[in-house]
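Encoded as structure tokens, the structure appears first; notes follow it.
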Amino acid sequence: MILEELSDRVARELGERGLLGAAADGRVSDAPDARTVRYYTTLGLLDRPRIEGRQARYAERHLLQLLAIKALQAVDLPLAEIQQRLYGRSDAELKALVESLAAEARASTASAARVPSLRLREVAVVPGVRLVVEEGWRPRDPAALEARIRAALAALGGER
Amino acid sequence: MTLAIPMVDIPSGLTRVLGSLKAKEQPLPLESVQLRARVVDRVAEVTVEQKFGNPFREAIEAVYVFPLAGGSAVSRFEMQIGKRVVRGRIEERAEARRQYAQALDQGKRAALLEQERDDVFTVQVGNVTPGDAVVVRLTYSERLPFFEDGRTELRLPLVVAPRYVGGEELPREQAGHGVVPDTTTVPDASRITPPRLVPGFDAKVSLGVEVELFGGFSDLACSQHAVSTSSGPESARVMLSREREPLDRDFVLRWRIAGEQVKSQLLAHGGFALLSVVPPARQGFLGVARDVVFVLDRSGSMQGPKMASAGRACASLLRTLGPRDRFSLQAFDEVVEWMPGGFQQADEGAIERGEKWLRSVEARGGTELDLAMREALQQLRSRGESAGRAPVVVLLTDGQVGDESSVLKRLQAELGDARVFTVGIDTAVNDGFLRRLAALGGGTSTFVEPGARLEEALQSVGREIGTPLVTDLHIDGEVTELAPARIPDLFAGRAAAAFFRLGSRRVKITGRFADGSQFDQELEAREAPLAAIDHLWARARIVDLEDQFRASRSEAVKKEIVALSIRHTVLTRFTAFVVVDDEVVNQGGTRRTVVQPVEMPADWEMTQVMAGGGPAVLSAPFARGPQRAPLKAMGRMPAATAQAGAGKAAMASVPRQLMEKLIGKHSLEKPATVAERERVRLALEAFLGAFVAARGGRGGAEQLEQARIDLLRALGESLAIATAVPLLQAFLRGAAVELVAAVAAGAADAALYARHARLLEAGRDQARVALGEAGAPAGSFWEASI
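Residue numbers (the working numbering), protein chains in the order written: chain A, 1 to 160; chain B, 1001 to 1786.
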């Protein structure tokens, strides 16, 4: 593929894999431009393209390399550290990295969606012991609850 | 039994993921570099040891592009695995490369050492398995320069700086593993451009430097490193004080040898001799009046302290001119700018104007040194009444260019009676090239580090610039195979040296002082333990032969270089060291190539530019300023990637995408038929023939024009070939038209032909690739580097 195609594919795959990360605040642009691509090449983070006629041709490895760079930028790693982690890695390693970052991105998106709705209330029972309760929780069977709390305290070795 | 009570779930994925690719203890193949130097009788013998490991999961081939001192004669290469040492052989370069590749395919560990420039080398170590440790060791020797006041210096370069690469990309497989593609002006750019480390990435290469000096000395100083010294009465040992120094600047050690040793001497060993001639002190020597052209490098790589230092250096040299001298000032990047007014008498007013002009020079752009030298020599040639003033060029630069060969070639052709002096200014200077340039130019070279002690370092340069003290040096005695064949002239305060075979014990040196009187000196040979002397002699011979090869491209000269190289075990551009271990460690030979990234040289400006919310972009040393595409050379990429794409040469060719739209993808990808290829090949040969005939005065404009039209027609019939040869098309439609017109008008001179020949060669090479005649992918790329 030529640079424009590579750039498009990077943007698309980043979007599909939820790896756009900080793109919203403008710090990590999703589609690498020609200048950025050149810079990554001088750092050895991106292999040199093959030249056909006068055209630079990029392959799957280039895509993988760019996805890995962008995915690590999305979690705020500085470039020196990105180079340190990615330099000289095989296709398989890059692929594994991109996939696990994508999985984590999905998980954290999911938990991010859940966490804000979660409010906790907390009360200190005695010094050293606190009770934390999700907002909206109502006791249904106080006796069973008391038994469980006793068991919990026992497990912690506080009371028998 | 414990009961876990889940509390709030904190997302911990990130640490898990990064953990799987965590920063390694040793992130890169190169683990350590150890340099050990012994200096006896002003000859240094240096051993460089590089240790490679493999922090990855599969076998790798490690590639490391590194520098050695410019004049070095590399005479030994070996590989060590555990306690086993395997000695390298020197072979013709293509053969060494073949043996290395074959060993790798067989799964054996092997190493290859090649020379790219006087001071740039590549080592490749293949089939390094995970967790393995392979040490390669090379030895070189070098004669150190020295001065009449006893000053001498040892320079151990540690990083190859980014070099400016101009020209058009070559449409063929790259010759090396670097980050800049091969071009028409630097056909091996990919061999001298290693990737760079991002500042802040600790490559964890442990560096050790140890220098032993023998004989009396004083004033030992290391200009760019902290060192600890232990000295006895007749020797000293100098070591780096810190263990973790980055490899980002030359290690430069300067000292003064004891007074009684500062004299001409003749050292002999095993039939070879090294002659050092120290010029006699001549009180009141003024030399003749001079016309000095100062050429100041203001390219992007000079940005920062270097530019200020270069300006100051130039100003302080201006101050050394006398009222009889004249000067003119030039600063160059991709264009050449002159201080208005041409040559000016070096009076107080003119010097002040010069200083003011120098202060206005800022760094920007590329390094078209060839262009700058051409204009400087032109300026000297075209001065009218010179009143016997000696023509002089003084070049102040870091020398960071990739097309050294074309600059040297120009000098050989156009020097005339001018002399060229070079002042190298950098933390990691291209010393090999600047020495070569000055030697060819009949001048001297001096190296200074940017910073406060500059003027002091340049003190002695001023008086030697211009005219030598003694010329026409000649040795009488049983002297054969002198190298260099022409003994350099003697400049005030600076020793000159030559190597030769010596039959007797005595020689007589004669020469001529500037005032016409006779210089002579008789010397008795002293036996010295200079084991390296035959390597140094061979190296000096080869330097001479390389000059011949550059001018003639003669096969006979090439053969002579190869023969000398192999007979005396000295590395050259035509040969390489190869070492193969017989153990098979990587069955099948599957491996990845990992190129060692290197530091940016110290004091080079790294400007972080936030481009449109994009990542930090290196405002490269060769940037002309923010308004222009910054990565002009260092991050140079095929023009096609830079959308704007077509340079001048491409104007005649239609961009591929547009072509695809116009005629559909299919027809473009249809390969050329055998008949089409044959037609183009014949038409090309005919055109080349017509060009040569016209150049030799044997053919006319009509023949040339007919051949041009025929070739264009042949190309017109094969779209597949035509689109693959934009350089040839551009030549045929542009330059060739101009040439035909000039021939018809009888106005085609040698310079015009020379210029056109270069363009035509590039087009021809591109066509040969397209016609499948290129042979090996990058062919003998090394020939162009000489």
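Here a beta-carbon is modelled for each residue, glycine too, at the ideal position from N, C-alpha and C.
Query	Result
Residues within the stretch 1152 to 1173 of chain B neighbouring chain A, beta-carbon criterion of under 7 Å	1169 and 1171
Burial state of residue 1587 (chain B), where buried means 16 or more other Cβ atoms lie within 10 Å	exposed
Alpha-carbon to alpha-carbon, residue 54 (chain A) and residue 104 (chain A)	40 Å
C-beta atoms of residue 1781 (chain B) and residue 1175 (chain B) nearer than 8 Å	yes
Residue 1491 (chain B) CB to nearest heavy atom of the ligand NAP below 7 Å	With respect to the ligand NAP, the structure shown offers nothing to examine, as it has no ligands at all.
Start-to-end residues for the alpha helix (DSSP H) that takes in residue 37 (chain A)	34 to 42
Limits of the alpha helix (DSSP H) - the one that residue 65 (chain A) falls within	60 to 74
Residue range of the alpha helix (DSSP H) that includes residue 1435 (chain B)	1431 to 1440
Three-state secondary structure (DSSP) of residue 1723 (chain B)	helix
Proximity test, Cβ basis, 8 Å: residue 1028 (chain B) and chain A	yes
Cβ-based contacts, 9 Å cut-off: residues of the stretch 73 to 86 of chain A near chain B	73, 75, 77, 78, 79, 80, 81, 82, 83, 84, 85 and 86
Anticipated Cβ contact below 8 Å, residue 1393 (chain B) with residue 1413 (chain B), distance rounded	Not a contact, Cβ separation roughly 15 Å.
Other residues of its chain near residue 1311 (chain B): CB distance less than 8 Å, five sequence neighbours each side excluded	1296, 1358, 1359 and 1361
Cutoff 8 Å: residue 1066 (chain B) Cβ touching any chain A Cβ	no
Length of the line joining the Cα atoms of residue 26 (chain A) and residue 74 (chain A)	Low confidence applies to residue 26 (chain A): its pLDDT is 45, below 50, so where it sits in the model is not reliable, and the reading given next is rough at best. The straight-line gap from Cα to Cα measures roughly 11 Å.
Assumed close pair residue 1187 (chain B), residue 1169 (chain B) - CB separation to whole angstroms, cut-off 8 Å	With a Cβ gap of about 10 Å, residue 1187 (chain B) and residue 1169 (chain B) do not count as contacting.
Chain A contact for residue 1197 (chain B) (CB, 8 Å cutoff)	yes
Neighbour flag for residue 1201 (chain B) against chain A, beta carbons, 8 Å	yes
Residues that DSSP places opposite residue 1165 (chain B) in a beta bridge	Answer is none; residue 1165 (chain B) lacks a bridge partner.
Under 8 Å between C-beta atoms of residue 1448 (chain B) and residue 1440 (chain B)	no
Residue environment, residue 1322 (chain B), which counts as buried when at least 16 other CB atoms sit within 10 Å	exposed
Sequence-distant residues of the same chain with beta carbon closer than 8 Å to residue 982 (chain B), five excluded per side	Here chain B covers residues 1001 to 1786 and nothing more, so residue 982 (chain B) does not appear.
Residue burial classification, residue 1435 (chain B) (beta-carbon count within 10 angstroms, cutoff 16)	buried
Burial state of residue 131 (chain A) (16 or more Cβ within 10 Å)	exposed
Below-8 Å beta-carbon distance, residue 1147 (chain B) vs any chain A residue	no
Range of the contiguous alpha helix (DSSP H) that encloses residue 1678 (chain B)	1674 to 1695
Residue 1524 (chain B) versus residue 1498 (chain B): straight-line alpha-carbon distance, rounded	15 Å
Beta bridge counterpart(s) of residue 1090 (chain B) as assigned by DSSP	B:1577
Boundaries of the beta strand (DSSP E) in which residue 1083 (chain B) is found, first to last residue	Segment: none, residue 1083 (chain B) is in no beta strand (DSSP E) and carries neither H nor E.
Short CB-CB distance (under 8 Å) between residue 66 (chain A) and chain B	no
Touch test, the stretch 1088 to 1102 of chain B against the stretch 1072 to 1080 of chain B, Cβ-Cβ under 8 Å, three pairs minimum	yes
Neighbouring residues, chain B, relative to residue 18 (chain A) (Cβ below 8 Å)	Per Cβ cutoff of 8 Å: no residues; residue 18 (chain A) is ~12 Å from chain B at best.
Exposure of residue 1231 (chain B), with buried meaning 16 or more beta-carbon neighbours within 10 Å	exposed
Member of B:1494, B:1042 and B:1528 whose CA lies at the smallest distance from the CA of residue 1282 (chain B)	B:1494
Inter-residue spacing [alpha-carbon to alpha-carbon] between residue 1804 (chain B) and residue 1739 (chain B)	Given a span of 1001 to 1786 for chain B in the structure shown, any question on residue 1804 (chain B) remains unanswerable.
Identity of the residue in B:1097, B:1373, B:1141 and B:1227 nearest residue 1409 (chain B) by Cα	B:1373
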